[in-house]
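Read the structure below first, then the notes.
Residue numbers (my numbering): -18 to 808.
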């Protein structure tokens, strides 16, 4: 038997320990951010430097987030920081805790936190507060998570001092809100009035030729007041905090234009900037709502059975787990559950991406947000409103937005250099020609003001998160849950894909085809095999157990003691004080009892592409059982699509090599390796990485966990309704359709193309206008159009991922209830 396992739920290895998980010998924790730490080279250097320090324990590296967590027993962590500085890196302390309980965390929603300018301003303000230990930003959802030791009010006051109004988000509360209609109308009215005043000032100045006539000045002041007071307020706060964000740059540019007498242009620049800001905010709302909008798929009320047997409509949020619910044809299912009576067909596209309805009957799972199509049924609620599969998907994708992709990390580093550099150039343009070359002041000051507008890197910085969020949303709608932008970007780089056999290539529901006695009473030996198989949840064991139950419903199985799973081999246990083994060819060989007759029977079954399991005692094989698993109808097409994308495929299975080769030939897999233990699968992944570079792994069993963890991207099959998969997998395929791996790779490659397009477009536009500004051919108008136009361009280009319409059809044979009963055992 291949990959046997006991009936337990196992996950991939847990991520790095949190502060509360640290070993008692090193009960203190220091979490630092190191911006120069991007690759294993820096990690190795730091390990060497810190490993020599006495009192330093476990080091947990997160290269994606550029964080290092150090477990230590030092009274003062300054020695650790000094060691980091000694190797040329600058540590920033994010968290420092002793052996006390983890500090509380508070999540805020900040409506006016829209771009990296605000993030930088907030980080600068809060990082200087002694009670603040850690900050995590989610700009797309306008969320800020703060781990702190002081009162929440102190943090809110600090944020308010820089113009940020923070609202605490309670657990389970949605993180998005909409502006009040009255507030939006007032904003629109002020924009319209300001635009009219600016246009009026331009017309009067153009017809009279006097830009400093009092009507022109009055209309310009009105336009700036109507649209620019908020910008000035934000700009002043930014300058006080030594932050050159877009508001500070725009405030300086408009003020400078006024001081040199360019009243109409100053007014029009401020109005155009305000209009562009509103358009950009509305555009980003689309990205924010791409995932959260899925919550609207679940009805607010549902019919619940009362204690007296009657039915009543209740709020979904008030329904307890275990309640009995009823759904009629055409209704959306409000909560996750398990069918208790009736049958129907359910459209599961919002969860799994399946285009074909799935049959549901007693015992099948149903998910919130899916649509009941034909019949009516009752189901028992298995998860509350805030913990449904749909809610977990939304939370997982929102959290994934905080995982910065490599491209975004590059952009962040570039922008931190770009803005100060351009600001310095602008100062040089304003001062050097007049002071050193005797040039006129006004033309060169004007050129410098144009450069200030161009200095903001907003278009460059906003391009990556919008594209990543759009990709994550498009994937989630297709039933592909991606756990971070790093995986979305890395997926297009995969060159090899390893696949488990049982439950991945095959249905994972094998049936017994042959019972071949080797000695003794075949019926009694089959009963012993069923007793051992009944204690395991591997698909082959389940087939043996199911075969016995169907044939011998009235015969009880003998109790098994000292049961133990033998990963990659089979199981063993005692019946009536005697040891018995149920396993594959490898187990029989290891026991040293494989004879010629057994080899002959096993070879014949394996040559037919069947899985053969043997019942043995301590002395000899007793019975051979042949089990056949059917190949998924989508597997051949999935492998063909992967080959079209240039992906090499390899099957890794604990089943025998002959069976593995036969299955591989049927579906077109390039290479197949059988008789693999968990460590063998891990070694195979290491070999693929050495030969081909980026490697993915698709699996669903406990034996796949080490290989899934080692692969660049681990894909979990059939994750719908499974907490473990959603929480631990790099990429979770919500149903059992292997074709979605190819769909994910195509989406990843398109995301990479759009990211490159956005970066090139933003940099090119900035470069062109830098040259035009220095040459004197660019105006403030043009600079605003270039800056905000570039921002809108990259935003809308990123939205193209939301319009990806991949073929998501599944053959009708896969739409049965069977594909929804599987429980993923390890993500």
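Note that the Cβ used here is the ideal one computed from N, Cα and C, for glycine as well. Since we're looking at a predicted model, the values are computed, not measured.
Less than 7 Å between the beta carbons of residue 513 and residue 483, yes or no?
For the pair residue 513 and residue 483, the CB atoms are not nearer than the 7 Å cut-off.
By alpha-carbon positions, which one of 75, 57, 720, 780 ends up nearest to residue 625?
720
Option in 416, 411, 536 with minimal Cα separation from residue 427:
Of the candidates 416, 411, 536, 411 places its Cα closest to the Cα of residue 427.
Can you tell which of 585, 584, 587, 549 has the C-alpha that lies nearest to the C-alpha of residue 571?
549
Distance, residue 167 Cα to residue 679 Cα:
53 Å
I'd like to confirm the pairing. Which residues does DSSP put opposite residue 608 in its beta bridges?
493, 592
From the DSSP output, read off the bridge partner residues of residue 91.
Residue 91 is bridged to 147.
Anyone know if the C-beta pair for residue 346 and residue 319 falls short of 7 Å?
yes
Between which residues of its own chain and residue 508 is the CB-CB distance below 8 Å, once the five residues before and five after are set aside?
529, 533, 536, 538, 539
To test your reading of the DSSP string, which unbroken alpha helix (DSSP H) runs of 4 or more residues are found completely within the segment 711 to 792?
720 to 756, 761 to 779
Looking at residue 521 and residue 541, is the spacing between their C-beta atoms short of 7 Å?
No Cβ-Cβ contact shorter than 7 Å links residue 541 with residue 521.
Grab me the residues of residue 505's own chain with a C-beta within less than 7 Å of its C-beta, minus the 5 sequence neighbours each way, in chain order.
none
Do the CB positions of residue 374 and residue 479 come within less than 7 Å of each other?
For residue 374 and residue 479, no; Cβs fall outside 7 Å.
Using DSSP with H/G/I as helix, E/B as strand and the rest coil, what is residue 544?
strand
Helix, strand or coil for residue 622, going by three-state DSSP, please let me know.
helix
Quick test of your reading: residue 723 and residue 623, contact by CB under 8 Å. State the CB separation rounded to the nearest angstrom.
At roughly 5 Å, the Cβ-Cβ gap stays under 8 Å, so residue 723 and residue 623 are in contact.
Taking the alpha carbon of residue 809 as the point to measure from, which residue in 307, 665, 222 has its own alpha carbon closest?
There is no way to answer for residue 809, as the model of the chain reaches only from -18 to 808.
Any idea what DSSP makes of residue 403, helix, strand or coil?
helix
Check residue 141 in the structure and name its three-state DSSP category.
Reduced to three states, the DSSP call for residue 141 is helix.
Quick check on DSSP: helix, strand or coil for residue 225?
Of the three classes helix, strand and coil, the one that applies to residue 225 here is coil, per DSSP.
Of the choices 54, 16, 34, 33, whose alpha-carbon is the least far from that of residue 70?
The shortest CA-to-CA distance from residue 70 to any of 54, 16, 34, 33 is the one to 16.
Contact defined as beta carbons within less than 8 Å: I believe residue 492 pairs with residue 524. What is the distance between those atoms, to the nearest angstrom?
6 Å
Compare the beta carbon distance of residue 825 and residue 431 with 7 Å and say whether it is the shorter of the two.
As displayed, the chain neither begins before -18 nor continues past 808, which places residue 825 out of reach and without an answer.
With a 10 Å radius around its C-beta and 16 neighbouring C-beta atoms as the bar for buried, classify residue 662 as buried or exposed.
Burial is judged here by how many other beta carbons sit within 10 angstroms of a residue's own beta carbon; residue 662 has at least 16 and is buried.
Is residue 66 buried or exposed, if buried means 16 or more other CB atoms sit within 10 Å of its CB?
exposed
For residue 414, which residues of its own chain have a beta-carbon under 6 Å away from its beta-carbon, when the five flanking residues on both sides are left out?
420, 425
Which residue or residues does DSSP assign as beta-bridge partners of residue 118?
125
Quick check on the DSSP output: the alpha helix (DSSP H) that includes residue 662 runs from which residue to which?
Element bounds for residue 662: 659 to 673.
May I ask you to list the residues that DSSP assigns as paired with residue 630?
478
Assuming residue 259 and residue 172 make a contact with CB atoms under 8 Å, what is their CB distance in whole Å?
7 Å
Where do the N-terminal and C-terminal ends of the beta strand (DSSP E) with residue 293 fall, by residue?
292 to 296
Got a sec, what are the start and stop residues for the alpha helix (DSSP H) residue 423 sits in?
422 to 435 is the extent of the alpha helix (DSSP H) around residue 423.
If residue 436 sits next to residue 407, beta carbons under 8 Å apart, how far is it from one beta carbon to the other, in whole angstroms?
7 Å
Can the beta-carbon of residue 128 be found closer than 7 Å to that of residue 86?
yes
Which stretch, first to last residue, makes up the beta strand (DSSP E) that contains residue 517?
For residue 517, there is no enclosing beta strand (DSSP E), as DSSP marks it with neither H nor E.
What separation, rounded to the nearest whole angstrom, lies between the Cα atoms of residue 253 and residue 777?
Their Cα atoms are separated by approximately 19 Å.
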